[in-house]
Each structure stands twice: as C-alpha cells, then as structure tokens.
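These notes are about the structure you will find just below.
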Amino acid sequence: MRGFWPIYKRELFAFFVTPLAWVLITVFLLVQGMHFFLLVDHFASQAQVTSDQTPLQAFFGNTVLLYLVIFLLVPPMTMRLFAEERRSGTIETLLTTPVSTVAVVLSKYLAVLTTYLAMWAPTLLYLVILKRTGDLDWRAAMASYLGVALVGAGYLSLGLLMSALTKSQFLALVLTALVVLVLFILGIGEFVTREGSLMHAVCAHVSIWAHMNDFANGVVDSRRLVFYGTLVVLPLFLTTRAVDAWRWG
Amino acid sequence: MISVQKLVKRYDGHLAVDGVSFEVQKGEVVGFLGPNGAGKSTTLRILAGFLGMTSGKVEVCGHDIQDAPHEAKKMLGYMPEAVPLYPEMRVAEYLTFRAELKGVPRGRRVSSVDDAMQKASVADVANTTIGHLSKGYRQRVGLADALVAKPPLLILDEPTAGLDPNQIREVRDVLRALGKDHTVLLSTHILSEVEASCSKVVVIAKGKLVAAGTLDEIQKKRRPRGVEIHVRGDGARAKDALAAVDGATRVKVEIHGDVARVACAWGKKLDGDAVAVATERAVGAVVAAGESVREVRPIGSSLEEVFAELTRAASDATDAGDAEERPS
C-alpha cells in the first residue's frame, strides 16, 4: 500500500478545487432538499395516515428521484480519475514513483467514495428535522444510509473502471452512465418479466429499486451485501489489471 | 548505475527497441541520441519502470527493474518528455506531494522541496499555480520533481524540448550543475546539447544501437571527408600546393579578391590518423607556398554530420532488410 495517503489526499484536493465539484454538490443538495420538502409536505397535508409508510421510507425507497440523483452524480465524479491522468500523461510520473498499483487504485477509489459520503452527510439534517416533529425509526434510517452508501460504492467502482479503460473523460462519463443505466433497466425487468423465470430472478437480484425499498424498510439482506460487495471488488480488481496492462501496451 | 542488456520492446508486432545494450557509470552525464521515433522515449520509459519490456534485462543501481521495481524507482528521478504536471496545484504543493510519494520522510520533506526548488531555480514561483506557468518554468518544475528525493540517478527525456534559446541555456546551466553530484542520462535530438553537457553518448536509430562512447570516440568513427583552408594571397598557388599533398583529391579553389578558399577531399585509403597527418601536411604546404592561412576547417566531421551518417546507415540497413554495415 505504498503511496496510498499522498494520492488519497491529492485526489480529494483535486476534486474540491474544481468548480465541477461545487456544482455537483449544490445541485445534489438542492434536489435532495426539494425532494425532502415535497415529501414532508405531502405527508403533512394528509388528514389521516392511510399507509404505514413514513417520509423516511418514501425518501429512500419507492422513488426514482433518489436513483436519478445517484445516476447523475456518479459518472461526473469518476470520469476524471484515470482518464485525465492518462490524457495529460501525469500517470507516467505517478507510476514511476515507488507506489504499488493497488495503492493507486484504492486511494483514488476511496477518495471518490469519501467525497460521495461527504455529499450525503448534510442530508442527515433531515433526520434531525423528522426527529423533532415525530417519531423516527433509527434502525430504518441507518439501513437506508447503508443502502445509499452501498449503491454509491458499487457505482463509483464501476465508474473508476470505466475511467481506467479510456483516455477520454467524456467517454468515461458516457460509459459509466450506460453501465449504470443498464443495471437500472435490468432492475426494471423485475416488473415486466414472468415470475419464476430465470430472467426474473436475475432482474430481481440486481434491481436497485427493490434493494433501496428493502433498505428503506430497515431490511438488511445478506444477498444485497454480497451483490454490492461484488459490485465494488470486481471492478476494482479489473481496474488494477487495466492499470498494469497499459505498461505492456 | 544503469546496465541495459539486449533490451527488446515490441508494440503490436512492431519493434520499437531492438536488442539495445549499454552501460552508464557513476558520475557520467550521458546523452541518449537518436532521430525522432528511434525508440529513445520507449527505452527511457522502460528504464524508469513505466513500460514493461518484451525481453532483456535492465538494472538500475544494481536493482533489476522487473524483480525489484520499487527499489530501482527509489534510485532514480525521471522527467518524462511532455513534463506532465497537475495544473491545479501550486508548485510547492506539487513538489511536497511528489516528495511524499517518493518516500521522503516527513521531517525532511520541507527541506528537500526547498533544495529542489533552489537547484532547479523555481523558488520564485513556489506559490504559483502550475497551470499559470510558462513552458520554461514547467520544464524546471519537472526537473525539481526529478530532484526532490535526491536520487543518485536522473533520467531526463528531452529536457530542453520546446524551449526558446534563453530557456534552453538556463536549463543547460542547471543540468551542468547537476552533473557534479548526479549521474544523468538525458535524451535529445539536439546535438549542440550533447556537446554542451554530456561526457558520453549513446546513439540509437530505428530501435538499434548504432554507437556508444565518448564524444571523441564517436567523432573518430567518421573521419573528415576533406579539409577547407581559407588563405590570403594567391589562390592558384595555394591550390597547386594543396594538390601536391599526398592523399588530396578533387582540389577546388574559390577566389574572392585576395582571399581564396581552397578545399580538397581525402582519398579513400586514408584512415582517421592518416587524415590528421595529411591535414598537418596540407596546412604546412599552403604556408610553405607563401600564403597566409586564416582558417582551417575539416569537412564533414561535425557531430551533426557524424550523427546523420550513423543514423542513416542504420536506417538504410533496416530498409534493405540486412544488418550488414554499409560500405563507406
């Protein structure tokens, strides 16, 4: 893990000095804030509670908005990681220092994951607001945030891999968006395929929609943990292979 | 410090480096010469541990670059051709980051960065964002980066590429100072650069090694084709005197008023030493003829011409599909 810390620190720095980072954060928090406001307003205006759903569950599960936000957030966050270093050639100075490939990949990944989690951090205030006005299921809240972290971790890992496959940031962005979209559409397949068929089982297994519903209800299913674990580890492994492969190009 | 043996690098079926072997000893400043596309950058990238080799063996300070890459990389400071830098960082920030990457202990980092900035003369832009620097400064920041961990060996890929003459002179001064306590391998296709800063040269063309040795040794490989003497006096008499010298052929004269240029080519039988003797005789003969000699210039022995000759020979051999040396 030689070289992990300096690269990790530099990646965080590089992200936060670009205007892109602040635009992303602002838009993210604006959309989340509006989303939260609309939900709370909706629940407040109901004369009596008809379902057992809470604003918290509605915020994290059963909504396309959460998904859309992650979908728009991840590709621009990861596109730069390797593509830019390769385009500008700084990868050459980076890899000629005594650092290991694993450290390079992991430091970049953990830096972008840290950023992602930091972007979600202000939304914890929503919980404080909910707590002040009513009851809050802390365990469901924790499961929801675990879900958000896992989905993000998986997508960021995919984004990192895409960034390692091309020298063009734009291509990395498009590829990441495509892969994430394909995963989402597969998830939709859960609702259109016949129950009991193999396709249905596959779709249900990768459906982020269903996953987030579970997490929002406080269900932490070990199958989900394995799925996202794979979604993180496999692309990271492929990325280290890709980085080593450039040297033999 | 560097030992390269039978280095081969193949890119999609095309041989970029073809069996190159050479050594660099401690304290030498070695110029790595070759026309564009000769495989210079590829070779240096392999030495720096960025590219893998197809076959061969490279040792940097006794560490095999494949078996012990980290140890080898710790010994060298590498500056790539395009001097890639992170434009959003400030110079001192960048160098501190690089020092940390290269394993300079925390306590020594500040002094290492200051030292490197001093040596590469970039201390005055320490707090400037790299993206705002001129090409000359960027080049020197790259140099400071190579120096920051105080490696015994520097590998610099075209350190003066794209600079204006003043900047070239500045970088060269820095290089000359560095040569005192570092071993330096620098690539270039500018020959005056080699003459200005190198004690030894390695010449490659089309991925093959064509010559290696000190500058003098290389120059001796190609004897002068002839000699040109500028005289004041009677041009015709000078011509006759020169024509009488043993080995002189195709004697020509150009007369401008009372100044004349006489030139001759040396016969094919004369080798390097014989040419030197013949040159002495030619000057003697012209002086004996009563002419005043103003200038004596060997024809076709400048480093440029030697270089052109050497690399052309290699290209011809490759093009003709045989490795035999071209008869000269």
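Protein chains in written order, with my numbering: chain A, 1 to 249; chain B, 250 to 577. For glycine and all other residues, C-beta sits at the position ideal for the given N, C-alpha and C.
Does any residue of chain B have a CB that is nearer than 7 Å to the CB of residue i?
i	result
residue 248(A)	yes
residue 102(A)	no
residue 10(A)	yes
residue 19(A)	no
residue 93(A)	yes
Assuming residue i and residue j make a contact with CB atoms under 8 Å, what is their CB distance in whole Å?
i	j	result
residue 456(B)	residue 262(B)	So it is not a contact: roughly 13 Å between Cβ atoms.
residue 269(B)	residue 434(B)	Not quite, the Cβ-Cβ distance comes to about 13 Å (not below 8 Å), so this is no contact.
residue 154(A)	residue 228(A)	5 Å
residue 299(B)	residue 95(A)	6 Å
residue 533(B)	residue 438(B)	With 8 Å as the limit, residue 533(B) and residue 438(B) do not qualify as a contact, their Cβ atoms being about 39 Å apart.
residue 516(B)	residue 496(B)	5 Å
residue 65(A)	residue 35(A)	5 Å
residue 335(B)	residue 343(B)	6 Å
residue 371(B)	residue 348(B)	Not quite, the Cβ-Cβ distance comes to about 14 Å (not below 8 Å), so this is no contact.
residue 436(B)	residue 290(B)	7 Å
residue 230(A)	residue 74(A)	About 17 Å separates the two Cβ atoms, so there is no contact after all.
residue 130(A)	residue 56(A)	6 Å
residue 530(B)	residue 476(B)	Their Cβ separation, rounded to whole angstroms, is 10 Å, which puts residue 530(B) and residue 476(B) out of contact at 8 Å.
Please compile the residues from chain B whose C-beta is within a distance smaller than 9 Å of the C-beta of residue i.
i	result
residue 14(A)	335, 337 and 338
residue 76(A)	Under the 9 Å cutoff, chain B gives no residues; its nearest Cβ is about 16 Å from residue 76(A).
Report the neighbours of residue i on chain A: residues whose CB is nearer than 7 Å to its CB, in chain order.
i	result
residue 327(B)	96
residue 507(B)	Simply none; closest approach about 59 Å.
residue 297(B)	96
For residue i, which beta-bridge partners are listed by DSSP?
i	result
residue 548(B)	475(B)
residue 327(B)	404(B)
residue 558(B)	Answer is none; residue 558(B) lacks a bridge partner.
residue 432(B)	402(B)
residue 313(B)	308(B)
residue 196(A)	Bridge partners of residue 196(A): none, in fact.
residue 453(B)	458(B)
residue 540(B)	DSSP, once it has assigned bridges, lists no residue as partnering residue 540(B).
residue 209(A)	None, per the DSSP bridge assignment.
residue 280(B)	435(B) and 450(B)
Check the Cβ of residue i against every Cβ in chain A and list those closer than 8 Å, keeping chain order.
i	result
residue 301(B)	247 and 248
residue 323(B)	98
residue 331(B)	89
residue 394(B)	93
Got a sec: is the Cβ-Cβ distance from residue i to anything in chain A below 7 Å?
i	result
residue 265(B)	no
residue 407(B)	no
residue 319(B)	yes
residue 349(B)	yes
residue 281(B)	no
residue 568(B)	Note on residue 568(B): pLDDT 49, under 50, position unreliable in the model; the coordinate value appears next. Taking Cβ atoms only, chain A never reaches closer than 7 Å to residue 568(B), which makes this a no.
residue 574(B)	Model confidence at residue 574(B) stands at a pLDDT of 38, short of 50, so the residue's coordinates are unreliable; what they give is reported in the following sentence. Output row for residue 574(B): interface = no.
Identify the contact partners of residue i in chain B, using a Cβ-Cβ distance below 8 Å as the criterion.
i	result
residue 2(A)	319 and 352
residue 6(A)	346, 349 and 350
Please confirm whether residue i has its beta-carbon closer than 7 Å to some beta-carbon of chain E.
i	result
residue 240(A)	No chain E appears in this structure, whose protein chains are A and B.
Next on the checklist: I'd like to know if the region 436 to 446 of chain B and the region 500 to 511 of chain B are in contact, where contact means that at least 3 CB-CB pairs between them fall below 8 Å.
Outcome noted: When Cβ pairs closer than 8 Å are counted between the two stretches, the region 436 to 446 of chain B is seen not to touch the region 500 to 511 of chain B, the count staying below three.
Checklist entry - Taking three-plus beta-carbon pairs below 8 Å as touching, is the region 214 to 228 of chain A in contact with the region 237 to 247 of chain A? => result These segments do not touch.
Checklist entry - Touch check for the region 197 to 216 of chain A and the region 125 to 136 of chain A: three-plus C-beta pairs under 8 Å? => result The region 197 to 216 of chain A vs the region 125 to 136 of chain A: no contact.
Item to check | Segment contact, 8 Å Cβ cut-off, at least three pairs: the region 397 to 416 of chain B with the region 350 to 360 of chain B | outcome: The answer is yes - the region 350 to 360 of chain B touches the region 397 to 416 of chain B, with three or more Cβ pairs under 8 Å.
Next on the checklist: If contact is defined by three or more beta carbon pairs under 8 Å, each pair taking one atom from either stretch, is the region 473 to 491 of chain B in contact with the region 305 to 321 of chain B?
Outcome noted: Result no; under three Cβ-Cβ pairs closer than 8 Å.
Checklist entry - Is the number of C-beta pairs between the region 376 to 388 of chain B and the region 403 to 420 of chain B that are closer than 8 Å three or more? => result In the pairwise beta carbon analysis, the region 376 to 388 of chain B is classified as touching the region 403 to 420 of chain B: at least three pairs are separated by under 8 Å.
Next on the checklist: Is it the case that the region 85 to 102 of chain A contacts the region 290 to 304 of chain B, given that we only count it when at least three CB pairs across the two stretches are under 8 Å?
Outcome noted: Flag = yes, the region 290 to 304 of chain B and the region 85 to 102 of chain A touch.
Checklist entry - With contact counted as at least three CB pairs below 8 Å, one residue from each stretch, are the region 99 to 107 of chain A and the region 181 to 200 of chain A in contact? => result Verdict: no, contact absent.
Checklist entry - For the region 107 to 118 of chain A against the region 71 to 86 of chain A, are there 3 or more C-beta pairs whose distance is under 8 Å? => result As far as the Cβ criterion goes, the region 107 to 118 of chain A touches the region 71 to 86 of chain A, which means the pair count is three or higher.
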